[in-house]
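Below is one structure, written out as structure tokens; the observations come after it.
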Amino acid sequence: MKPIPIPVGLFERNRRKLGKLLLKNSLVVLNANDAMPTNADGTMGFHQNSDLFYLSGILQEETILLLAPDAFDENLREVLFLREPNKHLEIWEGHKLSREEAQKISGIKTIKWLSEFPAVFHQLMCEVEHVYLNTNEHQRAVVVVETRDARFIRDCQARYPLHQYHRLAPLMHQLRAVKEPEEIEMIRRACQLTGKGFASVLRRLKPGVNEAEIEAVMAYEFIKEKGTFAYPPIIATGANNCVLHYNTNDQECKAGQLLLLDVAAGLGQYMSDLTRTLPVSGRFTKRQKQVYNAVLRVFRQVSKDMRPGKTTRDLRRETEELLAEECVGLGLLKRSQLKRQTPDNPAVRKYFMHGVAHPIGLDVHDVTYNYMKIQPGWVLTCEPGLYLAEEGFGVRLENTILIGENENTDLMADIPIEADEIEELMSRRKR
Numbered sequence: 071m072k073p074i075p076i077p078v079g080l081f082e083r084n085r086r087k088l089g090k091l092l093l094k095n096s097l098v099v100l101n102a103n104d105a106m107p108t109n110a111d112g113t114m115g116f117h118q119n120s121d122l123f124y125l126s127g128i129l130q131e132e133t134i135l136l137l138a139p140d141a142f143d144e145n146l147r148e149v150l151f152l153r154e155p156n157k158h159l160e161i162w163e164g165h166k167l168s169r170e171e172a173q174k175i176s177g178i179k180t181i182k183w184l185s186e187f188p189a190v191f192h193q194l195m196c197e198v199e200h201v202y203l204n205t206n207e208h209q210r211a212v213v214v215v216e217t218r219d220a221r222f223i224r225d226c227q228a229r230y231p232l233h234q235y236h237r238l239a240p241l242m243h244q245l246r247a248v249k250e251p252e253e254i255e256m257i258r259r260a261c262q263l264t265g266k267g268f269a270s271v272l273r274r275l276k277p278g279v280n281e282a283e284i285e286a287v288m289a290y291e292f293i294k295e296k297g298t299f300a301y302p303p304i305i306a307t308g309a310n311n312c313v314l315h316y317n318t319n320d321q322e323c324k325a326g327q328l329l330l331l332d333v334a335a336g337l338g339q340y341m342s343d344l345t346r347t348l349p350v351s352g353r354f355t356k357r358q359k360q361v362y363n364a365v366l367r368v369f370r371q372v373s374k375d376m377r378p379g380k381t382t383r384d385l386r387r388e389t390e391e392l393l394a395e396e397c398v399g400l401g402l403l404k405r406s407q408l409k410r411q412t413p414d415n416p417a418v419r420k421y422f423m424h425g426v427a428h429p430i431g432l433d434v435h436d437v438t439y440n441y442m443k444i445q446p447g448w449v450l451t452c453e454p455g456l457y458l459a460e461e462g463f464g465v466r467l468e469n470t471i472l473i474g475e476n477e478n479t480d481l482m483a484d485i486p487i488e489a490d491e492i493e494e495l496m497s498r499r500k501r
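For what it's worth, the working numbering labels the leading residue of the sequence shown as 71, then goes sequentially.
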């Protein structure tokens, strides 16, 4: 992802907040992500460790951050280690950060080259009692490749077995959940960029267009503004509306079908999340509009009910109850089915089988734990849906919502969502 300038005060504030959560006489270690291989001598595009970025603003590979708030040497209380620039790297890989550039981005005064890390790390380990090490504790993470963090943990504990080791992840989850003003602004900008891409799709979508062309339209709008896809785009027409993570994106959009568009922009490391369901022909059928408006009513209600003190699991249960009532009205469920259902197997699960909200920020599925209660400053998605596989279509609607003390702010309120407005806008398409 291309860098977007972010005020250095954000990263300085984030480090201070973390420092208040640490035990006395502690050391925190954060490593950059690995550059992941593909085949032969290829590598995937580098994506920075989100926790490291949150605390430093540094996007460069192989970076290490040490935080030791009680270190005897004040110059070693915050230390950033970088690859040392040289002519070879400049020719083959391009510019690498100088000490001065890293200081300006991060607000960290002590910048050292990676060659100095072993000596500094050993010095600090001889002083501290508690060591906080990082791992990916996202509840849905499936990690089969050994990470740089995992290698470091193994080596560190082998060399220094008598220290008290602690998990950094719970502290980072706690901090990252509540967004700072600068973060909210970046997410808002990502939402605005998503809206530009969506507006282009409304002008282009018609029978005969391929899903791949819709993907290209969105990519163009994002990339020209230094953005990127926040996640692999889901551009699903017809029966593929009902495939939750469909991303083949190679089918022709046909008259009478719906196009489910789950695509959003990331900008400056911050993500947004949007889903819209559009009529390929420009107008919904009667049945499609019935289902669409049912989902929209639930969206409107849930986006208001996402309040501090609840958990995302609470929101899912409330959403299932609302959708179940809509399904009765749509003839999909009977009252008798609702009476027989159990909490673990609600009848509506046939038509709505995923969660309704997840945090969003530096990661599209941002870090949290299910037991954490929503607080003001969280940014959540709201994404109810109904998937009628037997009828060959589904509808999902999703916006990115900022949770407030008294009321929420829909960061995508300017992006059309009403069925009639979408039809009116699509009627202006070039024929």
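Glycine residues also receive a C-beta, built at the ideal position from the N, C-alpha and C atoms.
Check                                                                                                                                                                  : Outcome
On the three-state DSSP scale, how would you describe L159?                                                                                                            : helix
Evaluate L152 with the Cβ neighbour count: other Cβ atoms within 10 Å of its Cβ, from every protein chain shown; 16 or more gives buried, anything less gives exposed. : buried
Between the alpha carbons of V271 and I485, how many angstroms are there, rounded?                                                                                     : 12 Å
Please report the distance separating the alpha-carbon of E459 from that of V372.                                                                                      : Checking the displayed sequence, the identity of residue 459 turns out to be Ala instead of Glu. Answer to the nearest angstrom: the Cα atoms are 24 Å apart.
DSSP state of Q327, grouped into three classes?                                                                                                                        : coil
Flag this pair as touching only if the region 260–277 and the region 324–334 have three or more C-beta atom pairs under 8 Å; answer yes or no.                         : yes
I'd like to confirm the pairing. Which residues does DSSP put opposite Q502 in its beta bridges?                                                                       : Residue coverage of the chain in this structure runs from 71 to 501, which leaves residue 502 outside it and unanswerable.
With DSSP run on the structure shown, which of helix, strand or coil describes M66?                                                                                    : Outside the displayed span of the chain (71 to 501) sits residue 66, for which this structure offers no information.
Kindly give me the distance between the Cβ atoms of A325 and V350, rounded to whole angstroms, as I take these residues to be in contact under 8 Å.                    : 6 Å
In the structure shown, what three-state DSSP assignment does A105 receive?                                                                                            : coil
May I have the straight-line CA-CA distance separating L348 from K443, to the nearest angstrom?                                                                        : 34 Å
By the DSSP assignment, the beta strand (DSSP E) with I346 in it spans what residues?                                                                                  : Per the sequence presented here, residue 346 reads as Arg, with Ile not at that position. Unbroken beta strand (DSSP E) run through R346: 345–349.
Kindly identify the DSSP beta-bridge partner or partners of T451.                                                                                                      : T470
Taking DSSP's pairing of strands, which residues face F463 in a bridge?                                                                                                : L458
Where S96 and I223 are concerned, what is the direct C-alpha to C-alpha distance, given to the nearest angstrom?                                                       : 16 Å
Under three-state DSSP, which class holds P429?                                                                                                                        : strand
Indicate the three-state DSSP secondary structure (helix, strand or coil) for E252 in the structure shown.                                                             : helix
On a CA-only basis, which of R210, C226, Q227, N206 is nearest T217? Give me that one, please.                                                                         : N206
Let me know the secondary structure DSSP gives E322 once reduced to three states.                                                                                      : strand
Looking at the unbroken beta strand (DSSP E) that takes in L135, where does it start and where does it end?                                                            : 134–137
Please report how far the alpha carbon of G399 lies from the alpha carbon of P429, in whole angstroms.                                                                 : 31 Å
Counting only runs that start and end within the region 78–124, where is the beta strand (DSSP E) found for 3 or more residues in a row?                               : 96–101
Tell me which residues share the same chain as T108 and place their Cβ nearer than 7 Å to its Cβ, disregarding the 5 neighbours each side in the sequence.             : M114
Hey, would you say K374 sits closer than 8 Å to N204, going by beta carbons?                                                                                           : no
Less than 7 Å between C-beta atoms, sequence neighbours within five positions excluded: which residues of the same chain meet that for E59?                            : Beyond the ends of the chain as shown, which are 71 and 501, falls residue 59; an answer cannot be given.
DSSP three-state label for L495, please.                                                                                                                               : helix
Let me confirm a value: D490 is counted as buried when at least 16 other C-beta atoms fall within 10 Å, else exposed. Which label applies?                             : exposed
Taking 8 Å as the limit between beta carbons, can you name the residues of its chain near E396, skipping five residues before and five after?                          : A364, V365, R367, V368, L456
So, with DSSP's three-state summary, where would you put F505?                                                                                                         : Outside the shown range of the chain (71 to 501) lies residue 505, about which nothing can therefore be said.
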